[in-house]
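Counting the sequence shown from 1 gives a position; the working numbering is that position plus 77.
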Amino acid sequence: MEYKVRDIGLAGRGKLQLDWAEQHMPVLLRIRKQFQNEKPLKGLRVGAVLHVTKETGVLMRTLAAGGAEIALAASNPLSTQDDVAAALASEGIHVYAWRGETEKEYYWAIERIVEFEPHIVLDDGADLHTFIHQKAEDLAKKIKGGTEETTTGVIRLRAMEEQKVLRYPIIAVNDAYTKYLFDNRYGTGQSTIDGILRATNILLAGKNFVVAGYGWCGRGIAMRARGMGARVIVTEVDPIRALEAYMDGFQVMPMAEAAKIGDIFVTATGNRDVIRKEHMELMKDGAILANSGHFNVEVNLNDLEELAVEKREIRPHVVEYRLGNGRRLYLLAEGRLVNLVAAEGHPSEVMDMSFANQALSVLYLHQNPRMKPQVYKVPMEIDRRVAELKLEALGVRIDKLTPEQEEYLKSWTLGT
Ligand code: 9W4
Numbered sequence: 078m079e080y081k082v083r084d085i086g087l088a089g090r091g092k093l094q095l096d097w098a099e100q101h102m103p104v105l106l107r108i109r110k111q112f113q114n115e116k117p118l119k120g121l122r123v124g125a126v127l128h129v130t131k132e133t134g135v136l137m138r139t140l141a142a143g144g145a146e147i148a149l150a151a152s153n154p155l156s157t158q159d160d161v162a163a164a165l166a167s168e169g170i171h172v173y174a175w176r177g178e179t180e181k182e183y184y185w186a187i188e189r190i191v192e193f194e195p196h197i198v199l200d201d202g203a204d205l206h207t208f209i210h211q212k213a214e215d216l217a218k219k220i221k222g223g224t225e226e227t228t229t230g231v232i233r234l235r236a237m238e239e240q241k242v243l244r245y246p247i248i249a250v251n252d253a254y255t256k257y258l259f260d261n262r263y264g265t266g267q268s269t270i271d272g273i274l275r276a277t278n279i280l281l282a283g284k285n286f287v288v289a290g291y292g293w294c295g296r297g298i299a300m301r302a303r304g305m306g307a308r309v310i311v312t313e314v315d316p317i318r319a320l321e322a323y324m325d326g327f328q329v330m331p332m333a334e335a336a337k338i339g340d341i342f343v344t345a346t347g348n349r350d351v352i353r354k355e356h357m358e359l360m361k362d363g364a365i366l367a368n369s370g371h372f373n374v375e376v377n378l379n380d381l382e383e384l385a386v387e388k389r390e391i392r393p394h395v396v397e398y399r400l401g402n403g404r405r406l407y408l409l410a411e412g413r414l415v416n417l418v419a420a421e422g423h424p425s426e427v428m429d430m431s432f433a434n435q436a437l438s439v440l441y442l443h444q445n446p447r448m449k450p451q452v453y454k455v456p457m458e459i460d461r462r463v464a465e466l467k468l469e470a471l472g473v474r475i476d477k478l479t480p481e482q483e484e485y486l487k488s489w490t491l492g493t
């Protein structure tokens, strides 16, 4: 079977999406041009399990331009853009993905990738890598290498490396500077605000906006909320991060205090029960709750259900809970990632850098066939190249060290 998508008739619409994303992904376009000229991936079969989005489509087109044959399945049953899947299928990529797959269908699609016998495998969350290691050991021996896009996936793969069961080298794209320093802060930061605004259409100016957690996501969200005129409050459990938030100019206080005055609450901690019964009971009528952390455990949904006497969906992605005390709380996106459910995830400009690391890592694995089965960082030359290409595309020039400066930095004899 060449492909399986929801409706191949959606291809025209999908191409428009891909063309739009391409406008905002100049680094991948530069790499594509180089690939087109040199065809360095000729004869290579690439198997990918990624979110089938317009940005992923631009990466697929880039690898195809290098001469690779590609099979693509979804890395989440709900994240596929059906029009993009159709467009890619119409361009000769073996796509097995549609929005709303059952668990069985999800693994059926992953099996199609295995059947394709890829030389190199790209993954987001490590479901493909673990599937190959558990159910396709013969293939694992033949694979030249793989990449992994996310923190969660890299953690799983490092555990496999430690237990000495990893069978092929993995490049951890997630850990590239040009990925992790940008996507959580600028990508999640902006798209979380975007999700809240699309779902609610509220004014942020003058609102008390509470951000739980001051990691990269929390920083980005706080920074952007402030930019729109909100009065931002940060809650933290880590004293160093709390101090950073304070010196960045945010109010810092415990959730039990913030709960009484917040208009909007966003969790971005990676932990559970960040907003729970004791906080909900203190909240003002009309308070809005959203989550931007990976799992939907940061707002305790059981507590919310227990406190509520009535509940209704008041608009898409907004559920109103009327509590016993008469106040109304509004939960966005069922407590799931609001930036993905109510908006479109990271903007293309951010994915440009992550996926440029993916494209160059595929080339690196292809050109370095004797790497040991370990988890590797993205080579520094790739990371720097991605930053250079992005700066170039932005028209930003930077300085170069003089030979004297290079020498000065290397010398240890010059003292005070
Ligand atoms: N998308 C996603 C996941 C769950 C989900 C309404 C409730 C992650 C990274 C990238 O996980 C992703 N659940 C939904 S919609 C939805 C979407 N609903 C619908 O009912 C459940 C996901 C990476 N990425 C970007 O961020 C931008 N381009 C990309 O490739 C994509 C999607």
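Cβ coordinates follow ideal geometry from the N, Cα and C atoms, glycine included.
Computed from a predicted model, the values in this text were never measured in an experiment.
Counted within 10 angstroms of its Cβ, other Cβ atoms place residue i as buried (16 or more) or exposed
{"i": "P446", "result": "exposed"}
{"i": "M102", "result": "buried"}
{"i": "D84", "result": "exposed"}
{"i": "D362", "result": "exposed"}
{"i": "M357", "result": "buried"}
{"i": "N251", "result": "buried"}
{"i": "N402", "result": "exposed"}
{"i": "D315", "result": "exposed"}
{"i": "S425", "result": "buried"}
Check: residue i C-beta below 8 Å from any heavy atom of the ligand 9W4
{"i": "G264", "result": "yes"}
{"i": "D200", "result": "no"}
{"i": "S494", "result": "With the chain represented from 78 up to 493, any question about residue 494 goes unanswered, as that position is not in the structure."}
{"i": "G422", "result": "yes"}
{"i": "T130", "result": "yes"}
{"i": "T277", "result": "no"}
{"i": "T133", "result": "yes"}
{"i": "R301", "result": "no"}
{"i": "M137", "result": "no"}
Contact check, residue i vs residue j, beta carbons under 9 Å
{"i": "I270", "j": "M237", "result": "no"}
{"i": "I187", "j": "L205", "result": "yes"}
{"i": "V82", "j": "W175", "result": "yes"}
{"i": "A289", "j": "E375", "result": "yes"}
{"i": "H128", "j": "A145", "result": "no"}
{"i": "N373", "j": "L406", "result": "no"}
The alpha helix (DSSP H) enclosing residue i, as first and last residue numbers
{"i": "D271", "result": "G266 to T277"}
{"i": "A236", "result": "T228 to E239"}
{"i": "Y398", "result": "No alpha helix (DSSP H) holds Y398; the beta strand (DSSP E) holding it covers V395 to L400."}
{"i": "D325", "result": "No alpha helix (DSSP H) holds D325; DSSP gives it neither H nor E."}
{"i": "Y184", "result": "E180 to E192"}
{"i": "V427", "result": "S425 to Q444"}
Helix, strand or coil at residue i according to DSSP, with G and I counted as helix
{"i": "I475", "result": "coil"}
{"i": "K116", "result": "coil"}
{"i": "A336", "result": "helix"}
{"i": "E390", "result": "strand"}
{"i": "V418", "result": "helix"}
{"i": "A253", "result": "coil"}
{"i": "H171", "result": "strand"}
{"i": "G304", "result": "helix"}
First and last residue of the uninterrupted beta strand (DSSP E) at residue i
{"i": "G91", "result": "Taken as a continuous stretch (DSSP letters only), G91 belongs to no beta strand (DSSP E), being part of the alpha helix (DSSP H) at A88 to Q100."}
{"i": "R308", "result": "R308 to T312"}
{"i": "F342", "result": "I341 to T344"}
{"i": "N285", "result": "N285 to A289"}
{"i": "I45", "result": "With the chain covering only 78 through 493, there is no way to say anything about residue 45."}
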